[in-house]
Amino acid sequence: MQSILFVCLGNICRSPLAEGVAREIIKQNNLAIEVDSAGTSGWHIDEPPCEGSRAVARQHGFSIDDLRGRRLSVYADDRFDLIIALDSKNYRDILALGFAKEKVRKLGDYGLNGADVPDPYTYRDMEGFEAVYAMIERGVKNLLAELALLKA
Ligand code: 4NP
């Protein structure tokens, strides 16, 4: 069983959305891949995903309302095969915590020209969340396609 951990700053906007998108694709394709998400900060521990992320997930036909924020830890999370950073700052913070460089990647490296997925936390409109969703969906599909030899 392969395992993937998605990591952003707060674990309430981007990484829960990435986890939710991955969870849907895994379910639809019956893949043996475990997914989870965490944040480099401890600012939103036990909080549900932000309203924009929950709404955009709903618009795309699934729910991430069950997810709760938690903080990334090298002790608890070293068991994951792949740690996927949502932006470059997250990537540096993950390495600074002591994770092995070989298993840390950026979502942007999967068909997004290395782009950072922007932090949507301060957006007031849904357009920002839609743009973030589109990037996350493309990156996650490409990532899972590579891991599971699925068609992206
Ligand atoms: P996330 O977004 O990293 O995508 O979960 C953020 C959530 C909260 C904060 C920053 C980014 N914050 O500053 O509290």
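For the sequence shown, the residue numbers in the numbering used here are 13 to 164. Idealized CB from N, CA, C, for every residue including glycine.
{"Query": "Delimiting residues of the alpha helix (DSSP H) encompassing residue 142", "Result": "138-160"}
{"Query": "Residue 26: CB within 7 Å of a non-hydrogen atom of the ligand 4NP", "Result": "yes"}
{"Query": "Check whether residue 30 and residue 152 have beta carbons under 8 Å apart", "Result": "yes"}
{"Query": "Heavy atom of the ligand 4NP within 7 Å of residue 125 beta-carbon", "Result": "no"}
{"Query": "Buried versus exposed call for residue 161 [16 or more other C-beta atoms within 10 Å across all chains shown]", "Result": "exposed"}
{"Query": "Range of the contiguous beta strand (DSSP E) that encloses residue 46", "Result": "45-51"}
{"Query": "C-beta contact flag for residue 17 and residue 69 at 8 Å", "Result": "no"}
{"Query": "Contact test: residue 72 Cβ vs the ligand 4NP heavy atom, cutoff 7 Å", "Result": "no"}
{"Query": "Reduced DSSP category for residue 112 - H, G, I as helix; E, B as strand; rest coil", "Result": "coil"}
{"Query": "Residue from 141, 34 and 63 with nearest C-alpha to residue 158", "Result": "34"}
{"Query": "Within 8 Å, strictly: CB atoms of residue 110 and residue 74", "Result": "no"}
{"Query": "Through-space distance from residue 47 to residue 131, alpha-carbon basis", "Result": "21 Å"}
{"Query": "Any non-hydrogen atom of the ligand 4NP closer than 7 Å to residue 23 Cβ", "Result": "yes"}
{"Query": "Cβ pair residue 19, residue 88 closer than 8 Å", "Result": "no"}
{"Query": "Beta-carbon spacing of residue 93, residue 14 below 8 Å", "Result": "yes"}
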